[in-house]
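Down below is the structure, laid out as structure tokens.
Residue numbers (our numbering): 17 to 177.
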């Protein structure tokens, strides 16, 4: 699925038709993309989108790279952290010109909370690079929440011992 965003009155707004809005899209979020969706993005931007297998095989030293004029970063992020067995999976961020492309196969909470906030209030996120900064800020906030909760859990266990 491709969720595409444009800027409207300094806020992000979801658009339904990627090709009809291709000139104004600032962020395309690929969630469990099909081969056809990957091909659509690749032909639109002229940049190769990494497959799930490529994202999972990436060595730590190769998580940041430049290819075809686009900047790539892959990070392993948690999801489903409210349950006892959270999911850890890679997410790739691609800055291509003024656009951000995200490729993911799971649902880190920041990918829900950040767009909701950026659709309601002007966050200053009006291009790919500022959207990336806003999204990374939401990811860091979420990781801080997870660590805080883990710290409380450890304290509770320590008191019980």
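Beta carbons are placed, not taken as given, at the ideal position from N, Cα and C, and that holds for glycine. Note that the coordinates shown come from a computational prediction; the quantities given were computed from them, not determined experimentally.
- By DSSP's assignment, residue 19 forms a beta bridge with 45.
- Between residue 73 and residue 65, the beta carbon gap of about 15 Å keeps them out of contact (Cβ cut-off 8 Å).
- About 15 Å separates the beta carbon of residue 48 from that of residue 20, a gap too long to meet the 8 Å contact definition.
- Contact between residue 139 and residue 42 does not hold, since their C-beta atoms are separated by about 12 Å, which reaches or exceeds 8 Å.
- Remark: C-beta atoms of residue 88 and residue 148 do not approach each other more closely than 7 Å.
- For the segment 114–138, the continuous alpha helix (DSSP H) assignments of 4+ residues that do not extend past its boundaries occur at 126–136, in sequence order.
- In this structure, DSSP gives residue 55 a helical state, which the three-state scheme calls helix.
- Cβ-Cβ separation between residue 118 and residue 46: approximately 7 Å, consistent with a contact (criterion under 8 Å).
- Closest in alpha carbon position to residue 22, among 86, 169, 50, 143, is 143.
- Between the alpha carbons of residue 157 and residue 79 lies a gap of roughly 21 Å.
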